[in-house]
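Scroll down for the structure; my scribbles are underneath it.
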Amino acid sequence: MKVLNVHSRIISATTDEIAEIIGTLATPSDLIWPIGKWPAMKFKDGLEIGNTGGHGPIRYCVSQKRTNYIEFTFSNPKGMVGVHWIKWESVRHQETKIIHCIDMNTMGLATFKWKLVIEPLHNALIEDAFDQLENRFSSRAVKTPWSPYVHSLRGIYRISRRVASMLSLRME
3 MKVLNVHSRI
13 ISATTDEIAE
23 IIGTLATPSD
33 LIWPIGKWPA
43 MKFKDGLEIG
53 NTGGHGPIRY
63 CVSQKRTNYI
73 EFTFSNPKGM
83 VGVHWIKWES
93 VRHQETKIIH
103 CIDMNTMGLA
113 TFKWKLVIEP
123 LHNALIEDAF
133 DQLENRFSSR
143 AVKTPWSPYV
153 HSLRGIYRIS
163 RRVASMLSLR
173 ME
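Numbers 3 to 174, taken from the numbering used here, label the letters of the sequence shown in order.
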């Protein structure tokens with residue numbers, strides 16, 4: 003299945019200010035990734051071309067990096083073939099448009115995983131990240147609400163982790 007998933011937002015900041023924040027991505031002082039709500043994005047050797055990492059079960063490598071653009075190529079889950087990228091561009095004085103895009107094809111079981119689990123969680127994560135970025139430059143607090151479905155998926159995940167933890171304790 004062809005997937006083109008695009009999120010964008012206009013932030014009241016210059017491209018240089020946005021670049022500075024995005025430059026902290028996947029570092030211990032990350033200012034854009036909503037770490038308190040989602041598994042952290044991690045790269046062993048930083049966001050340099052060829053380096054591998056990801057967040058949670060989603061794995062990828064840095065395939066391109068320019069002044070206002072970073073592209074990642076998926077390596078896992080299997081059946082997700084393509085890239086996701088983030089770019090930022092000036093739209094007016096003191097306003098920058100930030101865009102995140104997944105451009106991929108899914109195959110087999112990955113199509114169902116994408117539609118049922120990954121896509122809704124991904125959408126919530128990106129909006130949380132954009133909220134965090136916008137809130138650094140805004141006097142009003144922006145908080146995009148999660149859908150009831152996203153709340154349910156996160157609840158199921160929490161319960162399954164607790165059960166797995168309890169089962170592993172019993173096995174010891």
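We put the CB at the ideal spot given by N, CA and C, even for glycine.
Computed from a prediction, not measured in an experiment: that's the story for all the values here.
If I follow the unbroken beta strand (DSSP E) through residue i, where does it start and stop?
{"i": "PHE74", "result": "71 to 78"}
For a test of the three-state rule: what should DSSP assign to residue i, helix, strand or coil?
{"i": "HIS9", "result": "strand"}
{"i": "LYS44", "result": "strand"}
{"i": "ASP32", "result": "coil"}
{"i": "LYS117", "result": "helix"}
{"i": "ARG68", "result": "strand"}
{"i": "MET106", "result": "strand"}
DSSP has residue i in a bridge; who is on the other side?
{"i": "THR54", "result": "CYS63"}
{"i": "ILE100", "result": "ARG11, TRP90"}
{"i": "LYS4", "result": "ASN107"}
So the alpha helix (DSSP H) residue i belongs to, where does it begin and stop?
{"i": "HIS86", "result": "Run containing HIS86: none in the alpha helix (DSSP H); it sits in the beta strand (DSSP E), 82 to 94."}
{"i": "LEU123", "result": "121 to 137"}
{"i": "ALA21", "result": "17 to 24"}
Using CA atoms only, rank isn't needed, just tell me which of the options is closest to residue i.
{"i": "HIS57", "options": "PRO41, GLU50, ILE51", "result": "PRO41"}
{"i": "TYR159", "options": "VAL119, ALA143, PRO147, ASN78", "result": "VAL119"}
{"i": "HIS124", "options": "PRO36, ILE13, HIS95, LYS99", "result": "PRO36"}
{"i": "GLY99", "options": "MET3, TYR71, ALA143", "result": "Sequence inspection shows Lys at residue 99; the Gly mentioned does not correspond to that position. Looking at the Cα atoms, TYR71 is the closest of the given residues."}
Could you check if residue i is buried or exposed, using at least 16 other CB atoms within 10 Å of its CB as the buried criterion?
{"i": "TYR151", "result": "exposed"}
{"i": "LEU6", "result": "exposed"}
{"i": "PHE76", "result": "buried"}
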